[in-house]
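As numbered in the numbering used here, residues 380 to 563 make up the sequence shown, in order.
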Amino acid sequence: MQPLQPWTKIITNTMRKTDKKGIAIKKSINKVSERRAAYIFTVPAVALLAAFLISPSLQTIRYAFTDYNIMRPDRIVFCGLNNFAELFQDKDFGTAVKNTLYFTVLVVPFQTVLALALALFISSRRKGVSVFRAACKIGVETMRIPKRPKSGNEFYYIYVSMAGSRLPDDDFPRRPAGHFTGTV
380 MQPLQPWTKI
390 ITNTMRKTDK
400 KGIAIKKSIN
410 KVSERRAAYI
420 FTVPAVALLA
430 AFLISPSLQT
440 IRYAFTDYNI
450 MRPDRIVFCG
460 LNNFAELFQD
470 KDFGTAVKNT
480 LYFTVLVVPF
490 QTVLALALAL
500 FISSRRKGVS
510 VFRAACKIGV
520 ETMRIPKRPK
530 SGNEFYYIYV
540 SMAGSRLPDD
550 DFPRRPAGHF
560 TGTV
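This is how it looks when you write it as structure tokens:
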């Protein structure tokens, strides 16, 4: 009998799992339980996808071939391709398709490239990046200031008074709301 060629040893080892000493390894119970857990965690996502994406899409396709009136859902009349014929004869349909293609082909890629470039700039260690980060962060942080919190109104009044409204006068504790109507 001839000895095995080196390439045949590689093929037989990949077909059968072995450790470094050549002893066959049994399939781990942990692998089976991990696979089962993965399926269990995937089921809710697939169910939500079906409920909120696939089902409405199928309903839309169904309604496209009918004369559906939302005020009379009991009267669904099948009209075939008449809706599509009416759609293609509409003068605004061409403009809508043109605007959609323009937005999809030009605007979305441009915004994606611009956002990626700004993200790379912010994550770099160049001079002046900290000023740019602070300028970006100001917009995010000022939006966190609540319009009028349920408790702690003094912070709201301080914020509004700093935003350019009149400063409170001596009558402020008795009627605070009348002083801050200008900026809100």
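Glycine residues also receive a C-beta, built at the ideal position from the N, C-alpha and C atoms. These numbers come from a predicted model, not from an experiment.
Assumed close pair residue i, residue j - CB separation to whole angstroms, cut-off 8 Å
i    : j    : result
D446 : V456 : 4 Å
V322 : I517 : The requested residue 322 does not occur in the structure, where the chain is confined to residues 380 to 563.
DSSP three-state assignment for residue i, whether helix, strand or coil
i    : result
F444 : coil
Alpha-carbon spacing of residue i relative to residue j, whole angstroms
i    : j    : result
G473 : S436 : 23 Å
G459 : F444 : 5 Å
A475 : F467 : 11 Å
R512 : N448 : 52 Å
T439 : K506 : 53 Å
D453 : D469 : 28 Å
R331 : R441 : The first residue shown for the chain is 380 and the last is 563, placing residue 331 beyond what the model contains.
E465 : K410 : 57 Å
A494 : V510 : 18 Å
When the options are compared against residue i, the one with the closest alpha-carbon
i    : options                   : result
L497 : T483, S434, C515 and F431 : C515
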